[in-house]
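**Student:** Anchor point for the sequence shown: position 166 equals 165 in numbering that gives the first Met the number 0, and the numbering is continuous, going up by one each time.
All residues carry an ideal CB built from backbone N, CA and C; glycine is no exception.
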Amino acid sequence: MMKKNPDKSADLRDTSNAALLDYLKAHHTVIDPTLGVYEMIFRSVKDDIREMEPNFNTLPTPLQVLFQNMGMPADQAKLARPRMETMLHLVKAMHDKGIPIVAGTDMGFPGYSVARELELYVQAGLTPTEAIQTATIVPAQVMNMDKRTGSVKAGKQADLMIVNGDPLKEIRNIRNVWMVIKEGQQYDPVALHKMVGFER
Numbered sequence: 000m001m002k003k004n005p006d007k008s009a010d011l012r013d014t015s016n017a018a019l020l021d022y023l024k025a026h027h028t029v030i031d032p033t034l035g036v037y038e039m040i041f042r043s044v045k046d047d048i049r050e051m052e053p054n055f056n057t058l059p060t061p062l063q064v065l066f067q068n069m070g071m072p073a074d075q076a077k078l079a080r081p082r083m084e085t086m087l088h089l090v091k092a093m094h095d096k097g098i099p100i101v102a103g104t105d106m107g108f109p110g111y112s113v114a115r116e117l118e119l120y121v122q123a124g125l126t127p128t129e130a131i132q133t134a135t136i137v138p139a140q141v142m143n144m145d146k147r148t149g150s151v152k153a154g155k156q157a158d159l160m161i162v163n164g165d166p167l168k169e170i171r172n173i174r175n176v177w178m179v180i181k182e183g184q185q186y187d188p189v190a191l192h193k194m195v196g197f198e199r
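1) Return the CA-CA distance between Ala-157 and Lys-146, expressed in angstroms with no decimal places.
2) Pro-99: buried (16+ other C-beta within 10 angstroms of its C-beta) or exposed?
3) Is the CB-CB distance between Ala-134 and Arg-174 below 8 Å?
4) Helix, strand or coil: how does DSSP classify Met-1 here?
5) In this structure, does DSSP put Val-101 in helix, strand or coil?
6) With 16 as the cutoff for other CB atoms within 10 Å, does Met-1 come out buried or exposed?
7) Can you tell me whether Leu-167 is helix, strand or coil according to DSSP?
8) DSSP on Gln-140, reduced to helix/strand/coil?
9) Relative to the alpha-carbon of Met-194, which residue among Gly-103, Phe-41, Thr-57 and Ile-48 has its alpha-carbon at the smallest distance?
10) Let me check understanding here. Comparing Cα to Cα, which of Glu-38, Trp-177 and Glu-182 lies closest to Pro-188?
11) Using C-beta distances below 6 Å, list every residue in its chain close to Thr-128, excluding the 5 sequence neighbours before and after it, in chain order.
12) What is the DSSP secondary structure of Gln-156, reduced to helix, strand or coil?
13) Give every residue of the same chain whose Cβ lies closer than 7 Å to the Cβ of Asp-31, excluding the five residues on either side of it in the sequence, and list them in chain order.
14) Where do the N-terminal and C-terminal ends of the beta strand (DSSP E) with Met-71 fall, by residue?
15) Note the first and the last residue of the continuous alpha helix (DSSP H) segment covering Lys-193.
16) What whole-angstrom Cβ distance do Met-93 and Tyr-37 have, given they're in contact under 8 Å?
17) At what residues does the alpha helix (DSSP H) containing Met-39 begin and finish?
18) Under a Cβ-count criterion, where at least 16 other Cβ atoms within 10 Å of its own Cβ denotes burial, should Gly-149 be classed as buried or exposed?
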């Protein structure tokens, strides 16, 4: 797909690309895009990394050094930008086709990478609600676990992340974690971060 144009972008209206989406749909394929990985790979090392991750300065110093040096030279990053745009368009096209999208990160900023992944899905064209569902009910459904987890409902596992602000209006509010509830126990996110060397 990405060899269609000199800039490595793809025309998703092309018949071969449409056939691919049909194939994925017909074979009940589940897609974990890991857009955050590619955003990291394609970034210019000269760019301010905090534009990608506003909480970068809270990471332990060794991780800051590691991630600060990830990316590519500015001229190569400019050439790679259409690839990232194609990936965003492809995620939206697959979602519109009814192909399940599940949030995953593979790598990225520990503690924040899932939030960034959801932000990228919204950037791709999903609504905040649809983006959040890629990390909640959709993966539960594809693993046949939606009867006991994946949404807030009486009788289901009550593992919750309570945030300040409405992430359905602004997806970045998903970062404003006020409390974590796991198996009935309440946890302070600031204390959890400090336990693993993060500064909040």
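**Tutor:** To lay it out plainly:
1) 13 Å
2) buried
3) By the CB criterion at 8 Å, Ala-134 and Arg-174 fall outside the cutoff.
4) Any answer about Met-1 is weak, because its pLDDT of 47 lies below 50 and its placement is not dependable; what the coordinates show is given next. Reduced to three states, the DSSP call for Met-1 is coil.
5) coil
6) The predicted model places Met-1 with a pLDDT of 47, which falls under 50 and marks its position as unreliable, so this point remains unresolved.
7) Three-state DSSP puts Leu-167 in coil, outside helix and strand.
8) helix
9) Measuring from the Cα of Met-194, the nearest candidate turns out to be Thr-57.
10) Minimum Cα distance to Pro-188 is reached at Trp-177.
11) If you ignore the 5 residues before and after Thr-128, its C-beta comes within less than 6 Å of the C-beta of Leu-167, all in its own chain and listed in chain order.
12) coil
13) Shown here for Asp-31: same chain residues with a beta carbon closer than 7 Å to its own, the five before and five after excluded, namely Val-101 and Gly-103 in chain order.
14) Neither: Met-71 is in no beta strand (DSSP E) and is coded neither H nor E.
15) 188-194 is the span of the alpha helix (DSSP H), which, as asked, contains Lys-193.
16) Wrong, their Cβ atoms sit about 15 Å apart, outside the cutoff.
17) 34-41
18) buried
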